[in-house]
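Read the structure below first, then the notes.
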Amino acid sequence: MTTLWNKPEISRREFFEKCAEAGAKTFVFGGLVVTTANLLLAQDPEDVRARAEGAVESRLHDTGLGDVRARAEGAPKEAAKGPIYGFVVDTMKCIGCGSCVRACRDENNVPDGFCRTWVEQYTFFPNGEVIVNSPSGGADGFGEDLPSRNMPEELGQLPVRGFFVPKLCNHCINTPCIQVCPVGASYVTREGVVLIDQERCIGCGYCVQACPFGSRYINPQTNTADKCTWCYHRITKGMVPACVQACPAKARIFGSVSDPNSEISQILANNRVQVLKSYLGTNPRTRYIGLDSEVM
Amino acid sequence: MHHYVTQGYVLPNQAHIYWTMMIVLYPYITGIVAGAFIISSLHHVFDRDELKPVSRFAMLMALAFLLCAPLPLLAHLGHPERALNIMFTPNVTSAMAGFGFIYTIYLLILVVEIWLLYRVDIVFLASNAKSEMMRRLYWILALGVTDISEEAKALDRKVMLFLAAIGVPAACFLHGYVGFLFGAIKANPWWASPLMPVIFLLSAIVSGIAMVMVCYLIVQWFNKRPVDSECTQSMMESAWYFVMVDVALEGLELLNHAYMANHDWDIMKHLILDKLLVSLFVVQFLIGSVVPFLLLGAAVVFRNRIPAGVRNVMGFVSGILLLVQVLAMRWNVVMGGQMFSKSFRGFLDFQIDIYGREGLLAVLFLFTLPFVAMLVFSRVLPLWGPISTFPTRWLRDKPPEYVPLKNLTKFK
Chain R
482 MTTLWNKPEI
492 SRREFFEKCA
502 EAGAKTFVFG
512 GLVVTTANLL
522 LAQDPEDVRA
532 RAEGAVESRL
542 HDTGLGDVRA
552 RAEGAPKEAA
562 KGPIYGFVVD
572 TMKCIGCGSC
582 VRACRDENNV
592 PDGFCRTWVE
602 QYTFFPNGEV
612 IVNSPSGGAD
622 GFGEDLPSRN
632 MPEELGQLPV
642 RGFFVPKLCN
652 HCINTPCIQV
662 CPVGASYVTR
672 EGVVLIDQER
682 CIGCGYCVQA
692 CPFGSRYINP
702 QTNTADKCTW
712 CYHRITKGMV
722 PACVQACPAK
732 ARIFGSVSDP
742 NSEISQILAN
752 NRVQVLKSYL
762 GTNPRTRYIG
772 LDSEVM
Chain U
2 MHHYVTQGYV
12 LPNQAHIYWT
22 MMIVLYPYIT
32 GIVAGAFIIS
42 SLHHVFDRDE
52 LKPVSRFAML
62 MALAFLLCAP
72 LPLLAHLGHP
82 ERALNIMFTP
92 NVTSAMAGFG
102 FIYTIYLLIL
112 VVEIWLLYRV
122 DIVFLASNAK
132 SEMMRRLYWI
142 LALGVTDISE
152 EAKALDRKVM
162 LFLAAIGVPA
172 ACFLHGYVGF
182 LFGAIKANPW
192 WASPLMPVIF
202 LLSAIVSGIA
212 MVMVCYLIVQ
222 WFNKRPVDSE
232 CTQSMMESAW
242 YFVMVDVALE
252 GLELLNHAYM
262 ANHDWDIMKH
272 LILDKLLVSL
282 FVVQFLIGSV
292 VPFLLLGAAV
302 VFRNRIPAGV
312 RNVMGFVSGI
322 LLLVQVLAMR
332 WNVVMGGQMF
342 SKSFRGFLDF
352 QIDIYGREGL
362 LAVLFLFTLP
372 FVAMLVFSRV
382 LPLWGPISTF
392 PTRWLRDKPP
402 EYVPLKNLTK
412 FK
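Protein chains in written order, with the working numbering: chain R, 482 to 777; chain U, 2 to 413.
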């Protein structure tokens, strides 16, 4: 029998024919593998949504919250196309209690050392110095001590003004995070919510680097990227995100911006709003009332 | 997870270094691939004959490092088992999704190029290697093609020239793309720069030349073989030229940041003058760039006055320093970009992890693998030249039972 290593010679033509044959086989087989993998991995946003809803269904059952969920009354047109959601943060109203941060942790099982939402405290001193802090993301509030206590002597004077700024994922329209995700694990839903498919994410951390707002982190429990989802599991049930529900000052307003009669649409119609880092052109869906230029 | 020491206000999710030393190692390794390939191509495409002694070695070095290039990435991924998703479900807008394809194409080009380069040797060894097992191995490596007539060799050369010609832009793309990964992140002012791919590419060429030069000298000295000073002189000239352009661009980029002094300059100034003072100014610029620039410059300008042996030592020292420079550059880019918060109000200090999946020991281990691969290659393929340079211990004593073609006799 002639095997590869004792066959004296193969003609060049024969060799190229064999190469071409092998190449064609590889191409067809590779194509099949890729297609199959695509079919196996591809997930309709509906599936993800159904899964998220299923997860919350059981939790709602546990907590007995199922009965009190609010029903959004959308216009008929909106019902057909579905709402587009928006988020407004009114920094004039935030009192820095940290209820939102705690509510988010409880709702979303956020690992220690990370935040899906957090509150920053800005304190301005007469010499122009600005002190920003957010101990534990503001989860425990800020107490009554002013930051000046820990400041050097020359800053040890009373601040001239201060405020709190709650932060969360901006759910940008031109998202750098979705743009850079190499495997398409980050995606936007038809409601405008930016989500991560935890079963497709490879945990490369590129989106964490690309987010200008520090909204994303690698969850050490799942080794995948994670961030605020605007409580997608709640909002698809007609509820508001946990942080919105927990806020005692109504500093967080969530709703459908495609419905002109919704509360958020009214607020957006009657206020001047800004976004964070507008110069980056990410076009956030989270908008701010009373944003100071010191806030980045 | 580390609890990093922070100063100022760091965004809660940014009190962590997400891209670790593995992401420093990855561009370092691919850079050496690109540089080694280009050195080899200078001989194969641009007919720089003085580089002949290292042309094969450089090509195999490119392959050894390329084979190891994905390993730091796999060690870094949160879900390495899903790594192939970047080829199964690539997101076309992601630069990173290009990695799988660019890598595969480049690997194919390199493997075919090396196969053509060694084809005649492989055919010869298939009937003349010492042991039966090795002869079978060479038969397999020959892929059944035993035609080594002059026409066949001429065709090989044509295909090789073509592959090298597309290999050079592919190598540039492979590494320019790594720079683009960073340069296109607008969220990070330390990275966002159209110069980034250019700087990455140039420093890659510098590191590749340096690595080939250093390894060549070490191997020759260790084996007590004469060093071809024409060859080292040529590599020193290339290294001198590329380090000049590379460092000029790196300096220009810093100057540009400082001169424009955008809203992010306050934090960048602090980063450069405090956090990166040693690794940027002392290691990267002073020790890693200025010293080898002067050494290489002297060796090039005063080549007739300095004895060849001294010039080789100068090449060796500058090669080592250039390797340090490029490593420092990767470090300063990757770590520097994560040492300040996107709040632009705070910093964190990176702490080197010794153990663990992405620790220092793992990094050092991965960095030895390309050299292990070179060692394996050197047992199968002659690194330094064609058949005439084979160690005779590779060949069997009695004449081969079968000689594929009479052409082979000319090698005896």
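Backbone N, C-alpha and C define an ideal beta-carbon position, used for all residues, glycine too.
Within chain R, partners of residue i - CB distance below 9 angstroms
{"i": "Phe345/U", "result": "Met777"}
{"i": "Met261/U", "result": "What Met261/U touches in chain R: nothing, since even the nearest Cβ is about 14 angstroms away."}
Residue of the options minimising C-alpha distance to residue i
{"i": "Glu588/R", "options": "Ala723/R, Asn651/R, Phe623/R and Cys650/R", "result": "Ala723/R"}
{"i": "Leu396/U", "options": "Ala65/U, Tyr29/U, Asp48/U and Ile123/U", "result": "Ile123/U"}
{"i": "Pro269/U", "options": "Arg306/U, Met340/U and Phe286/U", "result": "A small fix is needed here, since residue 269/U is Met in this sequence, not Pro. Met269/U has its Cα closest to that of Met340/U, out of Arg306/U, Met340/U and Phe286/U."}
{"i": "Gly686/R", "options": "Val6/U, Val325/U and Tyr19/U", "result": "Tyr19/U"}
{"i": "Trp241/U", "options": "Tyr217/U, Leu203/U, Leu218/U and Gly252/U", "result": "Leu203/U"}
{"i": "Gly643/R", "options": "Ser774/R, Ala501/R and Phe508/R", "result": "Ser774/R"}
{"i": "Asn14/U", "options": "Thr705/R, Asn764/R, Phe694/R and Ile745/R", "result": "Phe694/R"}
{"i": "Ile30/U", "options": "Ala84/U, Pro371/U, Ala300/U and His271/U", "result": "Pro371/U"}
{"i": "Ser239/U", "options": "Leu272/U, Met214/U, Gln352/U and Pro227/U", "result": "Met214/U"}
{"i": "Phe282/U", "options": "Trp332/U, Ile206/U and Leu175/U", "result": "Trp332/U"}
{"i": "Arg158/U", "options": "Leu118/U, Gly177/U, Ala143/U and Asp350/U", "result": "Leu118/U"}
{"i": "Tyr769/R", "options": "Ile699/R, Met573/R and Gln690/R", "result": "Met573/R"}
{"i": "Phe102/U", "options": "Glu114/U, Val220/U, Trp116/U and Ala84/U", "result": "Ala84/U"}
{"i": "Gln8/U", "options": "Met23/U, Ala165/U and Phe345/U", "result": "Phe345/U"}
{"i": "Gly594/R", "options": "Gly618/R, Ala584/R, Val613/R and Asn608/R", "result": "Gly618/R"}
{"i": "Met197/U", "options": "Ala63/U, Pro71/U, Leu250/U and Ala166/U", "result": "Leu250/U"}
{"i": "Cys585/R", "options": "Ile748/R, Ala727/R, Val756/R and Arg766/R", "result": "Ala727/R"}
{"i": "Leu67/U", "options": "Met135/U, Arg136/U, Ile106/U and Trp266/U", "result": "Ile106/U"}
{"i": "Leu218/U", "options": "Cys173/U, Val284/U, Glu151/U and Asn313/U", "result": "Asn313/U"}
Cβ separation of residue i and residue j, assumed to be a contact under 8 angstroms, to the nearest whole Å
{"i": "Leu162/U", "j": "Val246/U", "result": "Not really, about 26 angstroms apart at Cβ, beyond 8 angstroms."}
{"i": "Tyr713/R", "j": "Leu761/R", "result": "About 24 angstroms; that fails the 8 angstroms criterion."}
{"i": "Phe605/R", "j": "Pro640/R", "result": "6 angstroms"}
{"i": "Ile206/U", "j": "Ala35/U", "result": "7 angstroms"}
{"i": "Met237/U", "j": "Ala300/U", "result": "5 angstroms"}
{"i": "Phe65/U", "j": "Leu367/U", "result": "For the sequence presented, residue 65/U should be read as Ala rather than Phe. With 8 angstroms as the limit, Ala65/U and Leu367/U do not qualify as a contact, their Cβ atoms being about 13 angstroms apart."}
{"i": "Arg681/R", "j": "Ala691/R", "result": "Contact flag wrong, Cβ pair sits at about 17 angstroms."}
{"i": "Met421/U", "j": "Val364/U", "result": "In the structure displayed, chain U extends from 2 to 413; residue 421/U sits before or after that span and is not available."}
{"i": "Asp354/U", "j": "Leu361/U", "result": "7 angstroms"}
Beta-carbon neighbours of residue i, restricted to chain U and to distances below 7 angstroms
{"i": "Cys692/R", "result": "Ala188"}
{"i": "Asn614/R", "result": "Tyr10"}
{"i": "Trp599/R", "result": "Pro13"}
{"i": "Gly579/R", "result": "Ordered by position in chain U, no residue passes the 7 angstroms Cβ test against Gly579/R, which lies about 12 angstroms from the chain."}
{"i": "Gly618/R", "result": "Pro13"}
Identity of the residues DSSP links to residue i by a beta bridge
{"i": "Asp571/R", "result": "Ile770/R"}
{"i": "Arg733/R", "result": "Val570/R"}
{"i": "Thr705/R", "result": "Asn700/R"}
{"i": "Ile677/R", "result": "Ser667/R"}
{"i": "Gln660/R", "result": "Bridge partners of Gln660/R: none, in fact."}
{"i": "Arg397/U", "result": "Looking at the DSSP assignment, Arg397/U forms no beta bridge with any residue, so it has no partner."}
{"i": "Tyr603/R", "result": "Val613/R and Phe644/R"}
{"i": "Gln755/R", "result": "Tyr769/R"}
{"i": "Ala130/U", "result": "Leu396/U"}
Alpha helix (DSSP H) segment containing residue i, residue limits
{"i": "Leu349/U", "result": "Leu349/U -> not in any alpha helix (DSSP H); beta strand (DSSP E) instead, spanning Arg346 to Leu349."}
{"i": "Tyr10/U", "result": "Unbroken run through Tyr10/U is the beta strand (DSSP E), Thr7 to Tyr10; no alpha helix (DSSP H)."}
{"i": "Val591/R", "result": "Where Val591/R is concerned, there is no enclosing alpha helix (DSSP H), given that its DSSP letter is neither H nor E."}
{"i": "Asn1/U", "result": "For residue 1/U there is no data in the structure shown, the boundaries of chain U being 2 and 413."}
{"i": "Glu254/U", "result": "Ser230 to Met261"}
{"i": "Trp266/U", "result": "Trp266 to His271"}
{"i": "Ile654/R", "result": "No alpha helix (DSSP H) holds Ile654/R; DSSP gives it neither H nor E."}
{"i": "Gly177/U", "result": "Glu151 to Gly184"}
Partners in chain U for residue i, counting only beta-carbon separations shorter than 8 angstroms
{"i": "Asn751/R", "result": "Neighbours of Asn751/R on chain U: none; closest Cβ ~30 angstroms, over 8 angstroms."}
{"i": "Phe735/R", "result": "By Cβ distance, chain U contributes nothing, its closest Cβ being about 21 angstroms from Phe735/R, past 8 angstroms."}
{"i": "Ile657/R", "result": "In the sequence as presented, Ile is not what sits at residue 657/R; that position holds Pro. Ordered by position in chain U, the residues that pass the 8 angstroms Cβ test against Pro657/R are Ile186, Lys187 and Ala188."}
{"i": "Arg681/R", "result": "Arg83, Asn86 and Thr90"}
Where residue i meets chain U, residues with beta-carbon distance less than 9 angstroms
{"i": "Thr705/R", "result": "Gly79 and His80"}
{"i": "Leu789/R", "result": "With chain R covering 482 to 777 only, the question about residue 789/R has no answer from this structure."}
N-terminal and C-terminal residue of the beta strand (DSSP E) that residue i is part of
{"i": "Ile24/U", "result": "Note, Ile24/U: premise wrong, no beta strand (DSSP E); alpha helix (DSSP H) at Met22 to His45."}
{"i": "Asn608/R", "result": "Run containing Asn608/R: none; DSSP gives neither H nor E here."}
{"i": "Arg642/R", "result": "Arg642 to Leu649"}
Contact set between residue i and chain R, taken where Cβ atoms lie within less than 7 angstroms
{"i": "Asn92/U", "result": "Cys662, Pro663, Val664 and Gly665"}
{"i": "Met97/U", "result": "Val661, Pro663, Cys685 and Tyr687"}
Residue i: CB within 8 angstroms of a non-hydrogen atom of the ligand NAP
{"i": "Gly184/U", "result": "The ligand content of the structure shown is nil, which means the ligand NAP is not present either."}
Cross-chain neighbours of residue i in chain R, by beta carbon under 8 angstroms
{"i": "Asn14/U", "result": "Phe595, Cys596, Val689, Gly695, Ser696, Arg697 and Tyr698"}
{"i": "Trp20/U", "result": "Gly686 and Gln690"}
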